[in-house]
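Have a look at the structure below, then the notes.
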Amino acid sequence: MRTANYSELRKNLKRYLDGVINDNEPLVVHRSGNESVVVISLDEYNAIKETEYIMKSPAMMNIIRKGDDEIKRGGGEKADIDNLWK
Numbered sequence: 004m005r006t007a008n009y010s011e012l013r014k015n016l017k018r019y020l021d022g023v024i025n026d027n028e029p030l031v032v033h034r035s036g037n038e039s040v041v042v043i044s045l046d047e048y049n050a051i052k053e054t055e056y057i058m059k060s061p062a063m064m065n066i067i068r069k070g071d072d073e074i075k076r077g078g079g080e081k082a083d084i085d086n087l088w089k
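According to the numbering used here, the sequence shown is numbered sequentially starting from 4.
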């Protein structure tokens, strides 16, 4: 995880934000005398919110657990990832 202080971020805002997007790596911004903050890409934020939404649903978590149990017992089907969307 990259880090920067507030002054560095202001001087190099484009470079830091491009790094967050291009490298998909969060940026911790340390602020003197204040709490630090984390900058993440919108895609990463949306993925976190989607995971949170799924985990709040007992029905979805039950489906996931059943599938995990099935795989552990040797069930399921092998799939060729290149042919999933055809």
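Where a beta carbon is used, it is the ideal one built from N, C-alpha and C, also for glycine. From a predicted model like this one, the values you see are computed outputs, not experimental measurements.
What is the DSSP secondary structure of residue i, counted as helix, strand or coil?
i	result
L30	strand
N15	coil
G78	coil
Apart from the five residues on each side of it in sequence, which residues of its chain come closer than 8 angstroms, Cβ to Cβ, to residue i?
i	result
S35	N8 and Y9
E73	G79
For my contact list, residue i and residue j are in at a C-beta cut-off of 8 angstroms; report their separation, rounded to the angstrom.
i	j	result
V42	P29	7 angstroms
L12	V32	5 angstroms
S44	N65	Contact doesn't hold; Cβ gap of about 31 angstroms is too wide.
Pull the bridge partners of residue i from the DSSP assignment, please.
i	result
V40	V32
The alpha helix (DSSP H) that contains residue i, what's its start and end?
i	result
A62	P61 to K75
For the beta strand (DSSP E) holding residue i, just list the boundary residues, first then last.
i	result
N86	Unbroken run through N86: none, as it is neither H nor E.
A7	R5 to N8
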